[in-house]
Every structure is written in structure tokens, then in C-alpha cells.
């Protein structure tokens, strides 16, 4: 180790309190991180299915499924699609199913004769002919429906391999719909915490948004002590077997 490197490490240790400003991020509790389900695609589908169901225990009623449906309806460019009739339907009549015939999320209303099929793709890709098979299967299983909509949900709203039938939808649009749905709703504390954690998790890990304040602080600390931090990063030994 050179004298310059020794001096850099000494100066960093003398200025170690500069890291205290990071406490509010280091101590931030997130339920999804604690349970280690942040990167589990199936868990995100479970949360969304719970939120879509207007009769579930979250008590936000039909506000989320209705706002989601509004955003979805605006993407449809068909002469025979009746936007107003679609938006005036009784969303409380919808049932929500997970993995119905392997389809990730199905929103179905027997009364309204409508169904929405959602394929959720966060980290995994499409299987060959998967969407085409789901499309054909849904026509049989929901043959009482006058309208079936197909949603291909991805982090950035990418097109699917079957754009003729499947409408692209992004997680940014999901979060927008969720934030709109709860904006004027007085939530129970536990539901409020869950939704706050979920929105933070999606923004950070799926949408890859950056906290600009955190980026600025970390950049300032790194620029001030880059030599010391480089030495630490180069020489640290991490036992990855420890959980």
C-alpha cells in the first residue's frame, strides 16, 4: 500500500460520519425485501390479482380495476369496441383467477359477459406459441363472453409475439393506476404499508427508477473518497454462503 493510499484510508476513517446521511435509506423497511419475494414473478401476479379483485380485503373497491380498464380501453382501436359501455359496466361483478388453465391472471364477469386475460412477464420471456395457445383456450373457456381483452404486461410495455390480439401494458401504467386508485382513499395502516412497499419495489426493481437524491449523495461521497473506497472494494472478502 502506498503512502497516498494510507492517507486516503485515514482521511476516510476520520470522515466516516459522512455515511450517516445514508441512514434513512439503509434503515428503510420494505416487506418484500424482508420476505425475499422482490424478484419472484409469481408473487407480483398474486399481489396484482388481490388488488384487481374489487371484493377483496384491501377495501379499495373497484377503483384499481376500473382505472386499469380505462387505461386498457384507451389502447383499443376497433370500430366495434364500445368504450362507454365497457367503462359503465359493474366492475364489482368481476371475479379474479390466478393460473386459470395456466393463464397468469384472469378477470371475468359472468354478468357483464366480459373477460380480461393478463400474461405477466417481468423477468421471464414468452414460451413458444404460449400466447396463441392462451388465446385459443380462452375462446373456449369464456365462450359466453361478448368481449375478451388480452394484456401483455411487461416492465416497459413491450409488444408481444402476437400483437394482433395482445395489448402491451407497462408496470409504469400499473403503478399510475394504483396510485390514482388510492389517492383519495383512507386505507388501513397495514394496507397502506403494503401498497407503499409494493410501489417502491416495482419502481426500484422492475421499472429501474433511480432515487436522484441518493445518487447525488453517493456520488459526492465517492468523489471525495474514491481512492479509499476503491481499495475497500478491491480487497474486501465476502462470504456469500452466509444468509
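Residue numbers (our numbering): -4 to 238.
C-beta: ideal position from N, C-alpha, C; glycine also.
- Taking a cut-off of 8 angstroms for Cβ pairs, the region 157 to 176 and the region 56 to 65 touch, as three or more such pairs fall below it.
- Under DSSP, the beta-bridge partners assigned to residue 92 are 101.
- Residue 48 is classed as buried because its beta carbon has at least 16 other beta carbons within 10 Å across all chains shown.
- Your pair residue 201 and residue 145 does not check out as a contact, with CB atoms roughly 21 angstroms apart and the cut at 8 angstroms.
- The alpha-carbon of residue 85 is positioned some 56 angstroms away from that of residue 13.
- Annotation for residue 7: 220, 223, 224 place their beta carbon closer than 8 angstroms to its own, counting only its chain and skipping 5 residues before and after.
- A residue is called buried once 16 or more other Cβ atoms fall within 10 Å of its Cβ, and residue 214, having fewer, is exposed.
- Judged by beta-carbon spacing, residue 101 lies within the 9 angstroms limit of residue 112, meaning their Cβ atoms are closer than that value.
- Shown here for residue 90: same chain residues with a beta carbon closer than 6 angstroms to its own, the five before and five after excluded, namely 103 in chain order.
- Residue 203 sits exposed, since fewer than 16 C-beta atoms from the chains shown fall within 10 Å of its C-beta.
- Assigned with DSSP and collapsed to three states, residue 168 falls in helix.
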